[in-house]
Amino acid sequence: HSKIRPDYIIVGEPTNLAIAVAYRGSIYLQVRSQAVGGHSSTPYITDSALRKLIKFIELVESRFNGSRFEEITAVTTMLKSGDWFSKIPEYGEASMNIRFPPNINAEEIVKTVREIAEHVGVDVDFESIEMPVQISLNTEIVHLLMKSLIKNGLKPRIVRKTGTSDMNTLISISKNICAFGPGDSRLAHTRYEKIRISDVITGAKVISSLIELLSEKS
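For the sequence shown, my numbering gives the first residue as 30, with consecutive numbering after it.
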């Protein structure tokens, strides 16, 4: 990064040919639970690692239960516990992902999660924290991309994305940045993920026109 100083950055992302000016931040955490375990016929006299995990998950997901860009969301992506159908689990682990908007302090989220973990009696490790990103609509590259869209007969649309992208990290080397590309991000990581060839062609034409506009500037 120290050697690369681009004037402009367009991050290729499935924005459905809209201009993305913001992405939420992301926190990945690993949760581990231990308990005495025991026989499944007497769950009332022992503790279950799985039960503790589920309690932690329910508390975190209910605490961060947003449904919009401006809100915090939490979801469990992996859960593993138990090794026999008649044995109460002694160990369990889960992976969770928390997404948060630009106006939220990541340290406050970490503090809340640690407090919940201590209350339930599980261990939590924060694997990574990626900060959110948001640029001004007055950013030059946004204006130029709008002009390119209009030149190709498209109405410019501005979007803020609930996920993360390379824009979250590349903002550190250029503030003149946004994301753009064909594809519907609502289908990302599903079996229905697809892209229209016509949208790929249109996106390429828009980028080509953008390069022409940048050439005229220089």
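For every residue, glycine included, the Cβ atom is placed at its ideal position computed from N, Cα and C. Bear in mind the structure is a predicted one, so any value in this text is a computation, not a measurement.
Measuring only the C-alpha atoms, how far is residue i from residue j?
i: Gly54; j: Gly192; result: 8 Å
i: Asn45; j: Val142; result: 34 Å
i: Asn134; j: Lys184; result: 35 Å
i: Ala64; j: Tyr57; result: 24 Å
i: Glu241; j: Asn205; result: 17 Å
i: Tyr73; j: Met160; result: 43 Å
i: Met196; j: Gln163; result: 9 Å
i: Val151; j: Ile138; result: 17 Å
Could you have a look at residue i and say whether DSSP puts it in helix, strand or coil?
i: Met196; result: helix
i: Lys223; result: coil
i: Asp213; result: strand
i: Asp154; result: strand
i: Val149; result: helix
i: Gly232; result: helix
i: Leu58; result: strand
i: Tyr120; result: strand
i: Ala78; result: helix
i: Tyr37; result: coil
i: Glu159; result: strand
Going by beta carbon distance, what residues of the same chain come within less than 8 Å of residue i, once the five residues before and after it are set aside?
i: Gly41; result: Ala208, Phe209 and Gly210
i: Ser214; result: Glu42, Pro43, Thr44, Asn45, Lys190 and Gly192
Quick one: what's got a C-beta closer than 6 Å to residue i's C-beta in the same chain, skipping five residues either side?
i: Gly67; result: Thr75 and Ile117
i: Arg128; result: Arg53, Ser55 and Thr102
Take residue i as the anchor and find which of the options has the nearest alpha-carbon.
i: Pro130; options: Ala233, Val50, Arg215 and Lys246; result: Val50
i: Gly121; options: Lys32, Trp113 and Asn197; result: Trp113
i: Leu199; options: Met175, Tyr52 and Phe155; result: Tyr52
i: His148; options: Gly111, Glu156, Asn132 and Ile86; result: Ile86
Checking contacts by CB at 8 Å: is residue i closer than that to chain C?
i: Lys246; result: Here chain C cannot be found, since the structure has a single protein chain.
Residues in its own chain within less than 7 Å of residue i by CB, not counting five upstream and five downstream?
i: Leu239; result: Leu173, Leu174 and Ser177
Worksheet item: Within the chosen definition, does the region 92-111 reach the region 32-46 through at least 3 CB pairs nearer than 8 Å?
Response: At 8 Å Cβ cutoff, the stretches do not touch.
* Asked: If you pair each beta-carbon of the region 156-167 with each one of the region 86-99, do three or more pairs fall below 8 Å?
  -> no
If contact is defined by three or more beta carbon pairs under 8 Å, each pair taking one atom from either stretch, is the region 216-223 in contact with the region 171-187?
no
So, do the region 220-235 and the region 79-88 have three or more beta carbon pairs nearer to each other than 8 Å?
no
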